[in-house]
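Peer 1: For reference, the structure I am asking about is given below.
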Amino acid sequence: MADRPLGAQISRMLEARGVRVIFGIPGVHNIELYRGLEETGIQHVLARHEQGAGFMADGYARATGRPGIAYVISGPGLTNIMTPVGQAWSDSVPVLVISSCLDETAWRRGQLHQMKDQAGAGACVADWSEVARDAQAAYGLIERAFAEFGAARPRPKHLSLPIALMSADAPAPPAPAARPGLALPDPAVLDRAARMLGAAERPLVLLGGGARGGAQAARALVDARKAASVCSYAGRGIVPDGAPLALGPALPHPGSVPLIASADLVVVVGSELAEVDLWRAELGHDAPMIRVDIDPEA
-1 MADRPLGAQI SRMLEARGVR VIFGIPGVHN IELYRGLEET GIQHVLARHE QGAGFMADGY
59 ARATGRPGIA YVISGPGLTN IMTPVGQAWS DSVPVLVISS CLDETAWRRG QLHQMKDQAG
119 AGACVADWSE VARDAQAAYG LIERAFAEFG AARPRPKHLS LPIALMSADA PAPPAPAARP
179 GLALPDPAVL DRAARMLGAA ERPLVLLGGG ARGGAQAARA LVDARKAASV CSYAGRGIVP
239 DGAPLALGPA LPHPGSVPLI ASADLVVVVG SELAEVDLWR AELGHDAPMI RVDIDPEA
């Protein structure tokens, strides 16, 4: 493919990575991102405010399991979208915000939408916030974002592209790289967990939002062990509410405490057991616990 402006190449790169919808607001600073958008199969959803674009990207990611993508302008475009990005970080939702930013020489001259530290502002709410100084850096950061969405805790990312860079010709983006799979636990740890499950008489399975990608396996576990199940609000629906011994999102309810205390094994899948899940100081279990989580620090 011949060289084209980087802004147009970015949209093509996203299309090649399965992006079907982008939320955002075009403006004088990020217009180059939009010039090639109509040549792709990507649908653009126009927001009235960048906060709306961010929440739509967040909701889209939650509903589809695909990363939510947003295009915004520099300065106020980024500050306006920071609230939904912060929420996506808190709830581990894969959102990628691509914004314009002023060129290094321009921001020192009091240009429109100048910001003291745009990358630093984005880093306050996103997993990372980076500025690409050339086309290859931009491609590498987008590839990194998609790789981390699939192999690590899927938190939001922010990429800033200097205005002049977006309008400059760039080579075609690379083909999608092979994605690293999820890290598997030590087989000895799996064997021990299986023995604990086999020996348990009153197992309780607690499902959080992180179990959505393994919903079928989670339901199979609950059915095979005839286990009681409870979930956070983010994990609602993984086990149908009408299933036997399924309590739904009852974690904050005081009535869940005796059930949790009576279990002889608690299996927690994809939940950080956050304060907003429990609304009490601790889960209230006395039994051993098995934690299954993508985040080794959970």
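My numbering puts the first residue of the sequence shown at -1, with every later residue one more than the last. All C-beta atoms in this analysis are idealised placements derived from N, C-alpha and C, irrespective of residue type, glycine included.
Around the C-beta of C229, are 16 or more other C-beta atoms found within 10 angstroms, so that it is buried, or is it exposed?
Peer 2: Burial call: buried.
Peer 1: Quick check on DSSP: helix, strand or coil for L12?
Peer 2: helix
Peer 1: Could you have a look at M299 and say whether DSSP puts it in helix, strand or coil?
Peer 2: Residue numbering for the chain in the displayed model covers -1 to 296; residue 299 lies beyond these limits and cannot be assessed.
Peer 1: List the DSSP bridge partners of M54.
Peer 2: Looking at the DSSP assignment, M54 forms no beta bridge with any residue, so it has no partner.
Peer 1: Report the three-state DSSP secondary structure of R33 (helix, strand or coil).
Peer 2: When DSSP states are grouped into helix, strand and coil, R33 belongs to the helix group.
Peer 1: Pull up the CB-CB distance for G233 and A209, whole angstroms please, since I reckon it's below 8 Å.
Peer 2: 6 Å
Peer 1: Taking DSSP as the reference, what is the three-state secondary structure of G207?
Peer 2: helix
Peer 1: Are M164 and P24 closer than 8 Å when you measure CB to CB?
Peer 2: no
Peer 1: Which residue's Cα is closest to the Cα of G57: A86, M80, N78, L31?
Peer 2: For the set A86, M80, N78, L31, the Cα lying nearest the Cα of G57 is the one of A86.
Peer 1: Just the Cα atoms here: how many angstroms apart are P174 and I236?
Peer 2: 31 Å
Peer 1: Using the DSSP secondary-structure output, state which residues sit across from G120 in a beta bridge.
Peer 2: Bridge partners of G120: none, in fact.
Peer 1: Suppose you measure from the CA of K155 to the CA of R46; what does that come to, to the nearest Å?
Peer 2: Rounded to the nearest whole angstrom, the C-alpha separation of K155 and R46 is 22 Å.
Peer 1: Taking C-alpha atoms, which residue in H42, I67, L271, Q41 lies nearest to F53?
Peer 2: I67
Peer 1: Would you grab the beta carbon distance between I71 and V95 for me? Rounded to a whole angstrom, and I think it's under 8 Å.
Peer 2: I71 to V95, Cβ: 11 Å. No contact.
Peer 1: Our contact map puts V266 next to L180 with C-beta atoms below 8 Å; I'd like the distance itself, whole angstroms only.
Peer 2: Contact flag wrong, Cβ pair sits at about 17 Å.
Peer 1: Thinking C-alpha only, which one of A149, R18, G34, G282 is nearest V255?
Peer 2: Answer by Cα proximity: G282.
Peer 1: Which residues does DSSP pair with D167 in a beta bridge?
Peer 2: P3
Peer 1: Among G120, C122, D101, which residue has its Cα nearest to the Cα of Q112?
Peer 2: For Q112, the nearest C-alpha among the options comes from D101.
Peer 1: Evaluate A130 with the Cβ neighbour count: other Cβ atoms within 10 Å of its Cβ, from every protein chain shown; 16 or more gives buried, anything less gives exposed.
Peer 2: The residue in question, A130, is buried, as its Cβ has 16 or more Cβ neighbours within 10 Å.
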